[in-house]
Amino acid sequence: MISRRRFLGRSVLTAATALAPRIFGQALSQSAAAPKPHGLPNLDSSTLAKFVDPLPLPQLARPVEHRPVPGTAGEQAPFYRVAMRPIGSKLHRDLPSTTLWSYGGSVPGLTFETRSGQGVLVEWVNELPPKHFLPIDHTLHGAEKDKPEVRGVVHLHGGKTPPESDGYPEDWYVPGQSRTYYYPNRQDSALLWYHDHAMGINRLNIYAGLLGLWVIRDSVEDALNLPQGKYEVPLVLMDRDLRTDGQLSYPVSPDLERPWVSEAFGEAHLVNGKLFPYLDVEPRKYRLRILNGANGRFYWLSLSQGAEMVQIGSDQGLLPAPVAVKHVHLAPGERADLVVDFARHRGQQIQLESEALTLMQFRVAPTPTPDPSVVPATLRSVPRIAEFGVAMTRRLTLDEQVNMVAESMGMLLNKTPWHMPITEKPVLNTNEIWELVNLTDDVHPIHLHMVRFRILDRRRFDAFEFMTTGNLRYIGPPMPPDPNELGWKDTARVNAKTVTRILVPFVGYAGRYVWHCHVLEHEDNEMMRPYEVLPA
Ligand SMILES: [Cu+2]
101 MISRRRFLGR SVLTAATALA PRIFGQALSQ SAAAPKPHGL PNLDSSTLAK FVDPLPLPQL
161 ARPVEHRPVP GTAGEQAPFY RVAMRPIGSK LHRDLPSTTL WSYGGSVPGL TFETRSGQGV
221 LVEWVNELPP KHFLPIDHTL HGAEKDKPEV RGVVHLHGGK TPPESDGYPE DWYVPGQSRT
281 YYYPNRQDSA LLWYHDHAMG INRLNIYAGL LGLWVIRDSV EDALNLPQGK YEVPLVLMDR
341 DLRTDGQLSY PVSPDLERPW VSEAFGEAHL VNGKLFPYLD VEPRKYRLRI LNGANGRFYW
401 LSLSQGAEMV QIGSDQGLLP APVAVKHVHL APGERADLVV DFARHRGQQI QLESEALTLM
461 QFRVAPTPTP DPSVVPATLR SVPRIAEFGV AMTRRLTLDE QVNMVAESMG MLLNKTPWHM
521 PITEKPVLNT NEIWELVNLT DDVHPIHLHM VRFRILDRRR FDAFEFMTTG NLRYIGPPMP
581 PDPNELGWKD TARVNAKTVT RILVPFVGYA GRYVWHCHVL EHEDNEMMRP YEVLPA
């Protein structure tokens, strides 16, 4: 779990690293009593009745017509139009309606059902109001006072997307404008998700509700006879703080001029946009497709009643083989594809939990039901790639900036702020190993746009020696990835004081992309860097 900032016992060596002056003086303390802008206290969600609302399922996006794909010889693709717009949403039976920002009228937004190899066009329309309703920090890069308050740009997380449609963080646009993006979907079946990526306010836009699911199907998945139709259920997890009037509350530092906080943990946990929902299920197998859509919360998922979970997929699709799991660790941005067989739990009530948290309830019907679905012993071949043939190995650090009293002022990648020239320029169709050297005390989920990768290993090292001499000395054996990390990934947990090595084939498109930490508070405050894929 990411802990709150630890103020004592940390080295101040990182304070001496080069950084942009604006990062200095970023006072913060989430633990200090921060003034609430609206004067209302936060709601204690444990006072709400549990399991009184059915689990909502986001509706499917529907194309409005077919249109030619730009840059092709007459290729046509389904054309969708989805508006970012405010909605009122009942998060719980006993709460008043909550103002959220949605893609297409719900949070999570409309779900896209797509096929591998069949491209789609989406016009993303910004119909948001001119004023933001969450606390913007104008000292953050890209969110200065001369920028419009409300900006949006859509990124398809996990999509192998051409650069002009990838949602570069500086490609934001304002209310009244729209952009049409092309998504080729030339990739394996997987659960992707789309979300806002606007520079400097991304954490606020996603907290407001700007996220949704994007499913890609393919023939490999079709051939498996996994649970499908109403037996395949998406679960989008996210935590929020709510005020007693039911409205969103985003944490702020005591400094109203610099409200950024290093992590935003909510105490209310939404599943598909509801608090403590329930789902009536039949006593048979279900496929649960879970996204951690939280800003900074790591989930450690399990089921009550000893119900068993079999993980069949992760970020970028199916695993080589199913893995029985007692817990599923999901960092922000990660996905898990699970099969749960409720047949042994007829008439029971089973809760989805994360440590001491209760997230939702499954109510298993008492009457037996036929179940033609299967979980085969092998799912999809995921090739291993030889390490010795890589074009380059890059050593990249994850750094924390602290001030003289050891308070965090933000994180960096490779000690380099966003605005510095691009330093990572892999060549298209080559493989690289990225050694992610985490010098901080926190776990950071690192995400690369456009590509998928394999996790090679994780290994503890002497961070003090590295920071003082630059020498990387390992102090433990390399640990292989977890069995449920053996498929293709797009987001990897990089543990504290650990080197995580990933092997990345840069296959897809040349152009400018980004890589970043998926703790959104870190990403918005410089823990994001551009990278450029050079033409082969
Ligand atoms: Cu981070």
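Add 100 to the 1-based position in the sequence shown for my numbering, that's all there is to it. Cβ atoms here follow ideal geometry from the backbone N, Cα and C, with glycine treated the same way.
Summarising the contact set, residues whose Cβ lies nearer than 6 Å to any heavy atom of ligand 1 are, in chain order, 511, 544, 617, 619, 622, 627.
As the crow flies, the alpha-carbon of residue 607 is around 44 Å from that of residue 153. Using a Cβ distance threshold of 8 Å, residue 590 and residue 463 do not count as a contacting pair. Straight-line spacing of the CA atoms in residue 224 and residue 447 works out to 44 Å. Looking at the DSSP output, residue 273 sits in a beta bridge with 252.
For the beta strand (DSSP E) assignment, the uninterrupted runs of no fewer than 3 residues enclosed by the stretch 481-569 are, from N- to C-terminal side, 492-502, 508-513, 531-538, 544-548, 554-560.
Residue state for residue 301 is assigned as coil, using DSSP reduced to three classes. When the beta-carbon positions are compared, residue 491 and residue 532 come within less than 8 Å of each other.
Under the 8 Å Cβ criterion, the stretch 282-294 does not count as touching the stretch 237-244, having fewer than three qualifying pairs. The stretch 573-589 and the stretch 544-563 touch, with no fewer than 3 CB-CB distances between them shorter than 8 Å. Counting only residues of its own chain and dropping the five nearest sequence neighbours on each side, residue 524 has a CB closer than 6 Å to the CB of 631. Bridge pairing for residue 170: absent [DSSP]. Comparing alpha-carbon positions, the option among 433, 507, 364 lying closest to residue 348 turns out to be 364.
If you draw a straight line from the Cα of residue 256 to the Cα of residue 270, it comes to about 15 Å. In the DSSP assignment, residue 622 falls outside any beta strand (DSSP E) and within the unbroken alpha helix (DSSP H) covering 620-624. Of the residues 542, 528, 521, the one whose Cα lies closest to the Cα of residue 511 is 542. Burial is judged here by how many other beta carbons sit within 10 angstroms of a residue's own beta carbon; residue 571 has fewer than 16 and is exposed. In the displayed model, residue 402 falls within a strand according to three-state DSSP. Counting only residues of its own chain and dropping the five nearest sequence neighbours on each side, residue 496 has a CB closer than 8 Å to the CB of 513, 514, 524, 534, 535, 536, 537. Counted as a single uninterrupted DSSP element, the alpha helix (DSSP H) harbouring residue 320 occupies residues 319-322. Going by beta carbons, residue 601 and residue 576 fall outside the 8 Å limit.
By the Cβ criterion, the stretch 384-391 is in contact with the stretch 319-337, since at least three pairs of Cβ atoms, one from each stretch, lie closer than 8 Å.
In the three-state reduction of the DSSP assignment, residue 180 falls in the strand class, which pools E and B.
Sixteen is the threshold: since fewer than 16 other Cβ atoms of the shown chains lie within 10 Å of the Cβ of residue 406, the residue is exposed. Here the alpha carbons of residue 175 and residue 282 stand approximately 12 Å from one another. Looking at the DSSP output, residue 461 bridges to 378, 451. Taking residue 530 as the centre and dropping the five residues before and after it, the same chain places the C-beta of 491, 606 closer than 7 Å to its C-beta, in chain order. Judged by DSSP in its simplified three-state form, residue 190 adopts coil rather than helix or strand. Taking a contact to require three or more Cβ pairs closer than 8 Å, the stretch 151-168 and the stretch 182-198 qualify as touching.
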